[in-house]
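Residue numbers (the numbering used here): 64 to 262. Backbone N, C-alpha and C define an ideal beta-carbon position, used for all residues, glycine too.
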Ligand code: MN3
């Protein structure tokens, strides 16, 4: 199935002041579009043509680096846009998710600190994740376009720590961007939706 750029699920200026319209215009319209365009070119004629995006991501990992990087980033960004919303973030988690965070991660405050630390310590480009693995929540980080799908897990929340995601708004202050993402942007309802599919 050919990759397609999904529209942003909100207006470009709706995440201000935490993420600017300029960041979203570049990040969605240029960066995500490039993964779609390059991914489609690299998919042509491969054994993964006609497969689902998840199958392409998992199948191309370690076998076709060019296709994997673009397919992985396409998958990551499709969800990244939906992991944010105006008026999101903070510690008001849906009950089922709160219970899992308490049981598996030591509560919300520890989740917040550990998730931000994962994003801060990812050296260079990559992502920080909340994933379900072996039936439990886990916080991880990956380089470049990788995600928990290729490490036996199911991502339910991820934050992009490539500089293109924060440099316009935060310059080099990656921790400030991560704090704003957790405190003011996360759409916990979408995290719950992915958790219910994964658990
Ligand atoms: Mn990105």
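From residue 270 to residue 233, what does the alpha carbon distance come to, in whole angstroms? In the structure displayed, the chain extends from 64 to 262; residue 270 sits before or after that span and is not available.
Nearer than 8 Å: is that true of the beta carbon of residue 83 relative to any heavy atom of the ligand MN3? no
Do residue 136 and the ligand MN3 come close, with the Cβ less than 8 Å from some heavy atom? yes
What residue from 188, 130 and 169 has the CA that sits closest to residue 202's CA? 169
Do residue 104 and the ligand MN3 come close, with the Cβ less than 8 Å from some heavy atom? no
So, at 6 Å on beta carbons, what are the nonlocal neighbours of residue 218 in its own chain, with the 5 sequence-adjacent residues on each side left out? 192, 194, 210 and 211
Simplified DSSP state of residue 224, which is helix, strand or coil: coil
Every unbroken alpha helix (DSSP H) inside the stretch 88–160 [4 residues or more]: Complete alpha helix (DSSP H) runs here, min 4: 96–106, 116–123 and 128–145.
By DSSP, does residue 218 sit in helix, in strand, or in coil? Secondary structure at residue 218: strand, using DSSP grouped into helix, strand and coil.
Cβ-heavy atom distance, residue 139 to the ligand MN3, below 8 Å: yes
In the DSSP assignment, what residue or residues form a beta bridge with residue 193? 202 and 220
State yes or no: is the C-beta of residue 192 nearer than 8 Å to some heavy atom of the ligand MN3? Distance from the C-beta of residue 192 to the nearest heavy atom of the ligand MN3 is not below 8 Å.
Do residue 130 and residue 102 come within 9 Å of each other at the CB atom, strictly closer than that value? yes
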